[in-house]
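*Asks:*
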Amino acid sequence: LYLLLKDIQTLCFTSSRKIAELIALWTKRDMEHTKKRYVDRISAYRAGYLAEDRREIEDGLKSRKYLGVTSTNALELGIDVGSLDAVIISGFPGSMISTWQQGGRSGRGNQKSLVILVAFENQLDQYFMKNPEFFFDKPHENVVIDLNNEKLLNNHIICAANELPLAPEEIKEIFNVDEEFIGNIVQNRDLRKSAGLYIYPYDDNPAFEFSLDQISNEIFSVMNGNQLIEKIERSQMYREAHEGAILINKGQTYIVTDVDFNTHIIDVIKRDVNAHTIALKRTETKIIKKIKKVKIGDFTVHYGELEVEEDYYKYKRMEFSKTIGTYILDLPPLKFKTKGLWFTIPDSVKETLEERFKNDSEVFPGGLHGAEHALIGLFPLHVMCDRFDIGGLSTNYHEDTQEASIFIYDAYEGGIGICEKAIDVFSKLTNSTRNLLKTCECENGCPSCIYSPKCGNDNKPLHKKATEFILDYMWEEMNKLSPEELSALENQDLEDNISYNETYYNQKEKNNMENEEDKETIESEPENKADEDINNINPLDEAYDDALEEFNKGNYSIAKEILTNIII
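If you want it as structure tokens, here you go:
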């Protein structure tokens, strides 16, 4: 508002469609009481708008018809909006690439410009605020994508066949799929074989039907009477356009009155309300296939194919941050297959926590839930993603693992490689998450450490001290020697001892012989070469004894460091 009143053209980037709409709506309402003629120069911009509406806003930015626009990353690149005076980045966008790309929307001319990053009270933003050197020194990330995602391959083959007829051998070689995969596309009538080549059998361009930021192609049309307001993908509809939801479009609020799953029509009526809605969900996971497991010290992380079921069971009506009502939803659950990682927490951790906090029945589930939130919150610190690109589940007992478990999965059908990449940096992720909690000054948890803005359970239960305990346990296990490492180090140490003993006695025998041959010469010298060699070897024995003593005390990481130095 301050920048607009100074006639500084500003683009504000936000992390979600709803936030983009809310900031534009609230700014307009404040402007009503300051410079009313500027109200119409403020707009939101996001995916889902009709093409003609998006073009009008883009042209309005270039011509300065619009002085202030709030946008998702839809305006981040690929669209010419000219040079702006200022950019506000409302919350770290998830990657350094996006950060610099968004900031670079201003200052493209010869005039001075301004870029402001407003940190949110979440784990990642606060980590950067406490470690600014990490932010400015952080390199651009590498893109993560799973080229074997069957949904992506399906859509890619259809688009390719529309551009050029494809021979079966070409499809197999280029896309690494088999005859059965191609046959399924043909069976769905998205490909047809003609003169030995596969072609797209329709007149339209399928590329326009496939979203660049969503894998699902099930699209709903939002209708205000006979007027098309926007189009929305199914999972987005569950979050923002379910029956009873308050949908915001270009600063205007609408109430959703009906959702028809057969016709894919969402009916809305225009209402001027000073509120918004948030949908809550329950999540269940099922392990379909274990692909691999990775040992980090004595801690095991699994990776595989999962089936995720999300049940949106109620929603809250909010005025700013105050809940004014809660309502039941009756929606069929969303089911999709993806890939993710998981790990278990043993009963010994639960027993210790319950002993320490005897009057708190939710200490263990609160600790698991907090660990899930905190780890997901710092995912983008180590892997190129947004926290909304991943989902999670924590449970006291999971049927497939038979133990308390935490699951973190790619929030896209088929998976896109995020969690697979995360396994390679999981120990770093765990340690940075521990450090974040230890430096957070809150007592019982807050948005900067264990609260999540996307929690489907309304951030309940959560327990900060239990979360710290679980993360510390994980870190200690990761720094223990695995049985394989212990065996390897013990074998190496045995070989070192044998070599040491042989060297020692050979040198001793040689010294005795030299003493007999030239006693006077040896006595006149402070030490001969053989004694120097022996003195160089003796400390190994002491080091091994020290390592063994630390190991017996349970200080495994210290023992590991000592033994590693012995081998080196």
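Using my numbering, you'd call the opening residue of the sequence shown number 434 and step up by one each time.
All C-beta atoms in this analysis are idealised placements derived from N, C-alpha and C, irrespective of residue type, glycine included.
Residues bridged to Q660 by DSSP?
*Replies:* N657
*Asks:* Does the Cβ-Cβ distance between T718 and V734 come in under 7 Å?
*Replies:* Against a cut-off of 7 Å, the Cβ pair of V734 and T718 comes out as no contact.
*Asks:* Cutting at 6 Å between CB atoms, please list the residues of its own chain near A480, excluding the five before and the five after it.
*Replies:* Around A480, the same chain offers A507 as residues with beta carbons nearer than 6 Å, after the five sequence neighbours per side are excluded.
*Asks:* Under three-state DSSP, which class holds I849?
*Replies:* coil
*Asks:* Ignore the nearest five residues each way along the sequence and tell me which others in L510's own chain have a CB closer than 8 Å to its CB.
*Replies:* Excluding residues within five positions, the ones whose Cβ falls inside 8 Å are Q534.
*Asks:* Mind reading off the beta-carbon distance from P813 to L557? Whole number of angstroms is fine, and I expect it under 8 Å.
*Replies:* By a beta-carbon distance limit of 8 Å, P813 contacts L557. Their separation comes to about 6 Å.
*Asks:* Check whether the stretch 518-534 and the stretch 460-480 touch, using three or more Cβ-Cβ pairs below 8 Å as the test.
*Replies:* no
*Asks:* Note down the Cα distance separating R487 from G799, rounded to an integer number of angstroms.
*Replies:* 44 Å
*Asks:* Quick one: is G803 buried, meaning 16 or more other Cβ sit within 10 Å of its Cβ, or exposed?
*Replies:* buried
*Asks:* Among residues of its own chain, excluding the 5 on either side of Y499, which ones have a beta-carbon nearer than 6 Å to its beta-carbon?
*Replies:* Excluding five sequence positions before and after Y499, the CB atoms of its chain that fall closer than 6 Å to its own CB belong to R474, S476, G493, given in chain order.
*Asks:* What number of angstroms, rounded off, separates the C-alpha of E491 from the C-alpha of I665?
*Replies:* 21 Å
*Asks:* Quick one: Cα of D964 to Cα of E909, how far?
*Replies:* At D964 the pLDDT is 44, less than 50, meaning the model places this residue with poor confidence and gives no usable figure here.
*Asks:* Using the C-alpha atoms, what's the distance from S531 back to Y706?
*Replies:* Before going on, a small fix: residue 706 reads as Val here, not Tyr. If you take the alpha carbons of V706 and S531, they lie about 33 Å apart.
*Asks:* Between the alpha carbons of I955 and F732, how many angstroms are there, rounded?
*Replies:* In this prediction, I955 scores a pLDDT of 42, lower than 50, which makes its location untrustworthy; no coordinate-derived value is stated.
*Asks:* Once the 5 residues before and after S885 are set aside, which same chain residues still bring their CB inside 6 Å of it?
*Replies:* H806
*Asks:* So what's Q685 in DSSP terms, helix, strand or just coil?
*Replies:* Residue state, collapsed to three classes: strand.
*Asks:* Output the boundary residues of the beta strand (DSSP E) element that contains E795.
*Replies:* Careful: E795 lies outside any beta strand (DSSP E) and carries neither H nor E.
*Asks:* Got a sec? Which residues, its chain only, sit under 7 Å from H831 by beta carbon, not counting five neighbours each side?
*Replies:* S838
*Asks:* For the structure I just gave you, are there three or more beta carbon pairs, one from the stretch 773-783 and one from the stretch 749-761, closer than 8 Å?
*Replies:* no
*Asks:* Between L869 and C879, which are expected to be in contact by the criterion C-beta below 8 Å, what is the C-beta distance as a whole number of angstroms?
*Replies:* Going by Cβ atoms, the distance from L869 to C879 rounds to 11 Å, so no, they are not a contact pair.
*Asks:* Measuring only the C-alpha atoms, how far is L437 from G515?
*Replies:* 17 Å
*Asks:* Any idea which residues DSSP pairs C445 with across the strands?
*Replies:* DSSP, once it has assigned bridges, lists T503, I521 as partnering C445.
*Asks:* Contact between the stretch 698-712 and the stretch 678-689 is defined here as three or more beta-carbon pairs at a separation below 8 Å; is this criterion met?
*Replies:* As far as the Cβ criterion goes, the stretch 698-712 touches the stretch 678-689, which means the pair count is three or higher.
*Asks:* Where DSSP assigns a beta bridge to V692, which residues make up the other side?
*Replies:* I699
*Asks:* Spell out a yes or no on whether the stretch 653-669 and the stretch 616-629 are touching, meaning 3 or more CB-CB pairs, one atom from each, closer than 8 Å.
*Replies:* no
*Asks:* Look at A552 and T503 and say whether their C-beta atoms are less than 7 Å apart.
*Replies:* no
*Asks:* Scan the stretch 592-623 and note each continuous alpha helix (DSSP H) run of 4 residues or more that stays entirely inside, going in chain order.
*Replies:* 601-608, 612-620
*Asks:* Between which two residues does the alpha helix (DSSP H) harbouring F641 extend?
*Replies:* In this chain, F641 is not harboured by any alpha helix (DSSP H), its DSSP state being neither H nor E.
*Asks:* Counting beta carbon pairs with one atom in the stretch 625-642 and one in the stretch 446-455, are three or more of them shorter than 8 Å?
*Replies:* Touching, no, given that fewer than three Cβ pairs across the two stretches are closer than 8 Å.
*Asks:* Using only the alpha-carbon positions, how far apart do I632 and T710 sit?
*Replies:* 45 Å
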